[in-house]
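Engineer: Under the numbering used here, the sequence shown has 24 at position 4, and the numbering climbs by one with no breaks.
Once you've had a glance at the structure underneath, I'll fire off some questions.
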Amino acid sequence: MPTYEYTCESCRHEWSIIMTISQRLKNIKPVCPQCRGKKVHQKVSAFMAVTPKKT
Numbered sequence: 021m022p023t024y025e026y027t028c029e030s031c032r033h034e035w036s037i038i039m040t041i042s043q044r045l046k047n048i049k050p051v052c053p054q055c056r057g058k059k060v061h062q063k064v065s066a067f068m069a070v071t072p073k074k075t
């Protein structure tokens with residue numbers, strides 16, 4: 021499952037959430053686990069893709 025990273029605008033707390041793609045497509049907005057703020061922004065995060073070796 022994908023990991024999404026967020027930052028809270030109110031307290032600047034950063035955290036990660038693991039959720040399914042279908043949950044993400046339903047636009048389920050997380051709340052800050054520290055201050056319960058609703059103004060959160062998704063961060064741009066790195067990812068890794070594994071592909072088969074080509075001969």
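Note that CB positions come from ideal geometry on N, CA and C, so glycine has one too.
1. Cα-Cα, which of 65, 55, 21 is closest to residue 30?
2. Since residue 29 sits in a beta bridge, which residues does DSSP pair it with?
3. Around the Cβ of residue 60, are there at least 16 other Cβ atoms within 10 angstroms (buried) or fewer (exposed)?
4. Residue range of the alpha helix (DSSP H) that residue 42 falls in?
5. Looking at the structure shown, is residue 51 part of a helix, part of a strand, or coil, going by DSSP?
Structural biologist: This is what the structure holds:
1. 55
2. Beta-bridge pairing links residue 29 to no other residue.
3. buried
4. 41-45
5. coil
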